[in-house]
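Chains A and B are the protein sequences, given in the same order.
Taking this note's numbering, I'd label the letters of the first sequence as residues 148 to 264.
Taking this note's numbering, I'd label the letters of the second sequence as residues 3 to 117.
From the three backbone atoms N, C-alpha and C, an ideal C-beta is built for every residue, glycine too.
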Amino acid sequence: DAGVIQSPRHEVTEMGQEVTLRCKPISGHDYLFWYRQTMMRGLELLIYFNNNVPIDDSGMPEDRFSAKMPNASFSTLKIQPSEPRDSAVYFCASSLWQGATGTGELFFGEGSRLTVL
Amino acid sequence: KQEVTQIPAALSVPEGENLVLNCSFTDSAIYNLQWFRQDPGKGLTSLLLIQSSQREQTSGRLNASLDKSSGRSTLYIAASQPGDSATYLCAVRRHSGAGSYQLTFGKGTKLSVIP
């Protein structure tokens, strides 16, 4: 299996621009998570999906952030407009749970490093 | 609210030494606990997953234990090598209803193994 695939790996943009991060979870996994990591705050859960349905978006910092999962193999995290304080590494992760038939082990992608100037 | 603590925040040991990393959590009603490794500029790599019904898991030189009643887990690394240098994070999962999936991470222990 190719693992969780994220793109782009690096993104440098200017304040006010729209940023779209992409994620392909491991095939067959039923949970998908978006995390943000910074030195100051560590790992923060932004939002997660179960079977393509958003379950908890309480970690999304503000309305500038939005996430979608149109199908089981693709998700996007969008920031519009971007601000310098959004600079961080954004991770996507997936897990197979299926009502406890899976192990629930969490697998992470390599992350998308975002720099907003 | 679940809180996960990892102490120490950083640890430096000479090569070849056996070492223990600690993870404590406040709510013992967990489904599982997972240990990760993160190298600089990289994602998190899953090392070991312990289900709540298990007491330990082993993979090569790594052994993770779980004591739910005391809210503690340890990651034992035998015969440490410079390649083990990384940040180690633990995460505790609590299930709280249909579809929900509460996972809480510790802030990690940064391990340096000195040749």
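Looking at the backbone, the Cα of Phe180/A and that of Phe238/A are separated by about 8 Å.
Those residues of the region 34 to 56 of chain B placed with their C-beta closer than 7 Å to a C-beta in chain A are Asn34, Gln36, Lys44, Gly45, Leu46, Ser48 and Leu51, ordered along the chain. Taking 9 Å as the Cβ-Cβ cut-off, the region 164 to 180 of chain A approaches chain B at Tyr178 and Phe180, given in chain order. A direct Cα-Cα distance of roughly 13 Å separates Ser220/A from Leu243/A.
Sequence-distant partners of Gly163/A (beyond 5 residues in either direction) whose C-beta falls short of 6 Å from its own C-beta, in its chain, are Pro228.
Among the bridge pairs identified by DSSP, Gly189/A is matched with Thr185/A.
Note on geometry: alpha-carbon atoms of Leu105/B and Ala214/A lie some 19 Å from one another. A direct Cα-to-Cα measurement between Thr223/A and Val236/A gives close to 15 Å. Listed along chain A, the residues sitting closer than 7 Å to Arg95/B by beta-carbon distance are Gly251. Among the CB atoms of chain B, one or more fall inside 7 Å of the CB of Gly256/A. Burial of Thr89/B is indicated by the presence of at least 16 other C-beta atoms within 10 angstroms of its C-beta.
Proximity of the region 60 to 74 of chain B to the region 149 to 166 of chain A falls short of the contact definition, fewer than three beta-carbon pairs being nearer than 8 Å.
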